[in-house]
Amino acid sequence: MIASLLWLCSYRSKRREMIMTYRRHALLRVSVVLVAAMLVPALASATDNSTAPTETSSASEAVDQSRYEADLRFIAKPRPPGSRHWQAVQDMCVSRLRSYGYDVSIPTYAHNDTSKNVIGIKRGTKNPNTTVVLSAHYDSTDRSCPGADDNATGTAALLESARVLAKQKYDRTLVLACWDEEERGLIGSQAYARSVADDKATNIAMMYGYEMIGFTAKKPGSQKIPFGFGLVFPDQVEALKKRGNSGDFITIVYDNNLLPMRAADAFVDAAAKLDLPVVALPVFDTLKNTWAMKQLRRSDHAAFWSYNLPGMMITDSSNFRNPNYHCLKGTNDSVETLDHAFSTKVIKATIASVEVMLRD
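Heads up: the sequence shown runs through residues 635 to 994, numbered per my numbering.
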């Protein structure tokens, strides 16, 4: 208890010193983002600029919601590592990425002989040693839970993203990754992050992780706020309260450094054009690998943070909104509970951001 109080005092002191820099980015942006998502479509319709290029005018426009939904319905069955459906989804990742023209590998790692990531690579044309990673974990819990939101939404989003991104040429190398064993402690992504951290020839410009992107709840009070978030993210929490704590937004969590901030800005700009509310949560290097941020380290981006690599989680906020999380309360994490139009907007905003980061 004493240690916790000392940490809190130390944190408050650091926060006072850094608050102005912090607020210049996403702390004050969150209110703007939530409002802009509603205002931009109205402003666009009031002016004749339909032919003007936007952040969402390239690959993201090719996103097909029906393809995403079909993949989601196939994936959303129990698939703990080693199970029959786990193998089927792994095979799906392999065959799709190969069919889209990616160079595919299926590395195993030290945890056991059956654990496998699926990695697809599209080499950059100008700077192939700089890499952008777009990813999602394809495993589910060991329970007999379909895992539709967690994380069939992410895997289906990854495959649809891979399809549309394969048609373009980019300066930097694009890696598509289906991670294994996220539910057992980020094991697959940890293995990959460790390998690229040791590879001095590879520079990770950005890592994106789709982590539950399909559940919305528009009823006031449906969005829960993690304990203590008001201390670290006061402006975001206040903005959500003003909107009645409704769960109709997507959250992006990222380390507060130059490249992740660029990726976040691109995501936010694209989301505003799509009428997609965003809550942006930048986390300082001094905090991102600490116990205090444990609620923001619950997915594969944290594996990259652990090796001081840039990472972003894209999420509907998991159990802080979705009552069907891991089917723990006797409810079912099923496709029928999800908002596919919302997920499609998330995919489009992500692709727009990825394209920005793939440019030199």
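Glycine included, every Cβ here is placed at the ideal spot set by N, Cα and C. No experiment lies behind these values; they were computed from the predicted model shown.
DSSP-derived helix/strand/coil call for residue i
| i | result |
| --- | --- |
| C812 | strand |
| T978 | helix |
| S880 | coil |
| T971 | helix |
| V697 | coil |
| N683 | For N683, the predicted structure reports a pLDDT of 35, less than 50, and the residue's modelled location is therefore unreliable. The matter cannot be settled from this model. |
| R757 | coil |
| A710 | coil |
| K750 | strand |
| D869 | helix |
| T655 | Since pLDDT at T655 reaches only 37, below the 50 mark, its modelled position is unreliable, and no value is offered. |
| A670 | Its pLDDT being 39, under 50, A670 is placed unreliably by the model, and nothing is read from it. |
| V988 | helix |
CB contact flag (residue i, residue j, <8 angstroms)
| i | j | result |
| --- | --- | --- |
| K979 | L910 | yes |
| L893 | A839 | yes |
| F849 | R777 | no |
| H771 | G822 | yes |
| T787 | M726 | no |
| T764 | P714 | no |
| Y888 | A873 | no |
| A782 | L972 | yes |
| G945 | G843 | yes |
| Q802 | A975 | no |
| T949 | V913 | no |
| L731 | V738 | yes |
| R797 | L992 | no |
| Y743 | A825 | yes |
| S729 | E989 | no |
| D784 | H960 | yes |
| N761 | D994 | yes |
| G864 | Y804 | no |
| S952 | R932 | yes |
| A937 | A827 | yes |
| S987 | Y702 | no |
| K853 | D814 | no |
| D869 | E816 | no |
| N890 | V917 | yes |
According to DSSP, residues forming a beta bridge with residue i
| i | result |
| --- | --- |
| H771 | W813 |
| M841 | V767 |
| I948 | Y844, I886 |
| V738 | G754 |
| A851 | G881 |
Review point. With contact counted as at least three CB pairs below 8 angstroms, one residue from each stretch, are the segment 826-840 and the segment 932-945 in contact?
Key: yes
Check your understanding: If you scan the segment 780-836 from start to end, which runs of the beta strand (DSSP E) of 3 or more residues do you find wholly inside it?
Key -> 806-813
**Study point:** Three-pair Cβ contact test at 8 angstroms for the segment 900-910 versus the segment 791-803
**Key:** no
Point to revise | Length-filtered (4 minimum) alpha helix (DSSP H) runs lying within the segment 877-941 | key: 892-907, 919-922, 935-940
Practice item. May I ask you to verify whether the segment 979-992 touches the segment 863-882, counting CB pairs closer than 8 angstroms and requiring at least 3? Key: no
Point to revise | Cβ pair count under 8 angstroms reaching 3, the segment 706-716 against the segment 960-972 | key: yes
Exercise for review: Would you check if the segment 803-817 and the segment 750-759 touch, i.e. whether three or more CB-CB distances between them fall below 8 angstroms?
Suggested key: yes
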